[in-house]
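This report concerns only the one structure given below.
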Amino acid sequence: MTPENSPARPRRRATSPGGAGAARQAPAFRAAGSSAPQQPLVTRHEPHRPETAGEPGTGRRRRRGGRGRGNGAGAEQAVEQTTEQAAAPAVEEAPVPAPRAQQPVVQPRTVVPAQAPGASSAHPTAPTALPTDTTFAALGVPAPLVETLTASGITAPFPIQVATLPDTLAGKDVLGRGRTGSGKTLAFSLPLVARLAGSTSKRQPRKPRSLILVPTRELANQVAAVVTPLATAVGMKTTVVFGGVGQNPQVQALAGGVDVLIACPGRLEDLIGQGHCDLSAVEITILDEADHMADLGFLPGVKRLMDRTPKVGQRLLFSATLDNGVDVLVKRYLDNPRTHSVDPAVAPVSTMTHHVFRVDALDKSQVVKELASGLDRVVLFTRTKHQAKKLAKQLTAGGVPAVDLHGNLSQNARERNLEAFTSGTTRVLCATDIAARGIHVDDVAIVVHVDPPAEHKAYLHRSGRTARAGAGGTVVTIATPDQAGEVRLLARQAGITPEVSAIKPGAREIVALTGPAAPYVEPAPVVEQPQGGGGGGRRRGAGGGSGNAGGGRSGAPARTGGTRSAGPARTRAELAARAGQPAARPRRAGR
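Here our numbering is used: position 299 in the sequence shown is 302, and no number is missing along the way.
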């Protein structure tokens, strides 16, 4: 190697994928004070590329001799369309206690304002720091709704609400992004109710005046808990529509006329197909967690439902992330939307601490039990429904009461288990990713990834069950030796730097997180269900055979478990045997 060539190799290694590190995963929206460029909220979703020395602010790699690694002409053109945005100074805000429905996250942040109507995406409006010390009344929220919020202990808006309320109350289409727990639900609930209250339209049977589409039953109930008090304050009616429960109550509610319909796409399409619902009178349509609906494969159904709503209505889209085809919905259904974001695409909460516990496979179950044995609320996430159910049973049998939450449970069972966890009857919830969005429970101290999630967005949504409303929280990922590389990649993609420790059962690191152990709770005795004389007796009778003259009739007395004396069937078999007609009776009994 010549001296002239030696400086080139470090630069080449610095721009290779293996050396890019966190720079390769740079978020689209950065925290205040960052000097790196920011991308527009929605235009393209090409992966961000690291900067190259000598090309500051370009966000793309220098090509050498026309042989850039993986940089085709199309990718180069796409990168050239991205633009820089200067970071604005953060706005400090004192923590404000708020009830569960508000779900704020209080911390220094930069609020990116809306892009001006008609402005080119190549020249977005320069970001500014929006005031966070304003009031709901100053933002234009009607007095009855302000009074309802005050009665609930909610007195100050949070950044996503400050950013979006002026546009949503004015009837404009809005595209908003804020991380889990940032107050998105209240951000769209207030303008929804306020604009419907000011409308001259009336309720009609089977024709809701507004529609909120959500991906899961849990999120539908969570949104209803926020919207219903506001709607009741101005004399409006709401209802919730989702699968897994009987449809008759939902049909009756729609027949009586509703102002706000909160629905999951599948059940709503079923009701429309049966003629129980008509979306032709919808004035405002809201898509909540649209990216999650895309993950679940609901986008075709969402498009069909959106096509049934009037084109002149107001449309709002709120989500923690905007990808997975969500931009298709934006381009197709939102008219010149004002875009707002208060968080980067990868947004770990600053009040949240992250740990990775490296454990041996044989020690994993005991470490998990010790993490769940403290006095605070704990959420344990697993990848499969079977594992969540099994883990809850094991913990309960070991003196740590736990409930499970997953897709195999009926709606009543889900609500019962979630209520037990929310009320404090049970401090441990074992859940699949079904609980990673839309469920807010106060004062969750620890989130444990018993099984690491499949991708970094799921990690952030799972972790978002703690450190809500400005509180602190701890996230622990359990990693066995074969999962070490997977967890490292996950942390890098999520933009976090966890504290990694090799852990054995009883380690002081566990005690430091959980505090003193809760008292042992004697598990309730398992009540054996009485075995009816049904299937088991028939199988035994049929399989065992007997020397009865009735042949196949030998199963008849076993049908009642052998506890009843002579029934009509047995009496007829005995009479047939005594009469010397054993062949006729078995044929009738066999049928």
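Every residue gets a Cβ at the ideal spot worked out from N, C-alpha and C, and that includes glycine.
Problem set entry | Which of helix, strand or coil DSSP assigns to Val285 | coil
Exercise. What is the DSSP secondary structure of Ala228, reduced to helix, strand or coil?
Worked result: helix
Problem set entry | Nearest to Leu332 (by Cα), restricted to the options His343, Met309, Leu299, Arg341 | Met309
Problem set entry | Contacts around Ser322, its chain only, beta-carbon distance under 7 Å, and the 5 residues preceding and following it disregarded | Arg180, Glu292, Ala293, Asp294, Val329
Problem set entry | Per-residue DSSP class, three states only, for Lys372 | helix
For this session: Tell me, to the nearest whole angstrom, how far the beta carbon of Asp446 is from that of Arg380; I am working on the premise that it is less than 8 Å.
Result: 6 Å
Problem set entry | Candidates Val524, Leu365, Thr312, Gln369: closest to Ala405 by CA position | Measuring from the Cα of Ala405, the nearest candidate turns out to be Val524.
For this session: Would you check if the distance between the CB atom of Ser185 and the CB atom of Val382 is smaller than 9 Å?
Result: no
Exercise. Helix, strand or coil: which one does DSSP assign to Lys240?
Worked result: coil
For this session: Pick helix, strand or coil for Lys507, following the three-state DSSP scheme.
Result: coil
Problem set entry | Local conformation of Phe2 per DSSP, three classes | What the structure shows of the chain is the stretch from 4 to 594, and residue 2 is not part of that stretch, so it cannot be assessed.
Exercise. Comparing alpha-carbon positions, which option in Tyr336, Gly304, Pro211 lies nearest Leu319?
Worked result: Tyr336
Exercise. Who are the near neighbours of Ala364 in its chain, counting only those whose CB is closer than 7 Å to its CB and skipping five residues on each side?
Worked result: Thr483
For this session: Just the C-alpha distance for Lys507 and Leu516, rounded to the nearest angstrom, thanks.
Result: 14 Å
For this session: Determine the burial state of Thr203: buried for a count of at least 16 other Cβ atoms within 10 Å of its Cβ, exposed for fewer.
Result: exposed
Exercise. What's the gap between the Cα of His443 and the Cα of Thr469?
Worked result: 9 Å
Problem set entry | Contact the region 450 to 467 vs the region 493 to 509: 3+ CB pairs below 8 Å | yes
Exercise. Opposite Phe384 in the DSSP bridges: which residues?
Worked result: Ala434, His452
For this session: Excluding the 5 residues preceding and the 5 following Ala487 in the sequence, name in chain order all residues of the same chain whose CB lies nearer than 8 Å to its CB.
Result: Arg361
For this session: Tell me Val263's beta-bridge partners as DSSP assigns them.
Result: Ser213, Thr241
For this session: State the DSSP-derived secondary structure class of Val305, mapped to helix, strand or coil.
Result: helix
For this session: Using a threshold of 9 Å, state whether the C-beta atoms of Cys433 and Lys367 are closer than that.
Result: no
Problem set entry | Burial state of Gly316 (16 or more Cβ within 10 Å) | buried
Exercise. Quick one: Cα of Ala3 to Cα of Val261, how far?
Worked result: The chain is shown only over 4 to 594; residue 3 falls outside these bounds and no answer can be derived.
Exercise. Considering only C-alpha positions, which residue in the set Gly174, Gln253, Ala173, Thr137 is nearest to Ile157?
Worked result: Thr137
For this session: Can you give me the start and stop residues for the beta strand (DSSP E) that Ile163 sits inside?
Result: Premise fails: Ile163 lies in the alpha helix (DSSP H), 162 to 172, not in any beta strand (DSSP E).
For this session: Please classify Asp609: is it buried, with 16 or more other beta-carbons within 10 angstroms of its beta-carbon, or exposed?
Result: Not covered by the structure: residue 609. The range shown for the chain is 4 to 594.
Problem set entry | Beta-carbon proximity list for Gly377, same chain, < 6 Å, skipping 5 on both sides | Thr517, Gly518
Exercise. Glu272 and Gly304 look like a contact to me (Cβ under 8 Å); what is the Cβ gap, rounded to whole Å?
Worked result: 6 Å
Exercise. How about Leu290 and Ile513: are their beta carbons less than 9 Å apart?
Worked result: no
For this session: Below 6 Å CB to CB, which residues in the same chain sit around Leu44 once its five sequence neighbours on both sides are set aside?
Result: The predicted model places Leu44 with a pLDDT of 39, which falls under 50 and marks its position as unreliable, so this point remains unresolved.
For this session: Excluding the 5 residues preceding and the 5 following Leu282 in the sequence, name in chain order all residues of the same chain whose CB lies nearer than 6 Å to its CB.
Result: Cβ within range, chain order: Arg311, Thr312.
Exercise. Taking C-beta to C-beta, are His459 and Leu493 nearer than 9 Å?
Worked result: Yes, the Cβ-Cβ distance between His459 and Leu493 is below 9 Å.
Exercise. Should Ala258 go down as buried or exposed, given a rule of 16 or more other Cβ atoms within 10 Å for buried?
Worked result: exposed
Problem set entry | Beta-ladder partner(s) of Asp407, from DSSP | DSSP, once it has assigned bridges, lists Cys433 as partnering Asp407.
Problem set entry | Enclosing alpha helix (DSSP H) for Val444 [first to last residue] | Looking at the DSSP string, Val444 is not in any alpha helix (DSSP H), and its letter there is neither H nor E.
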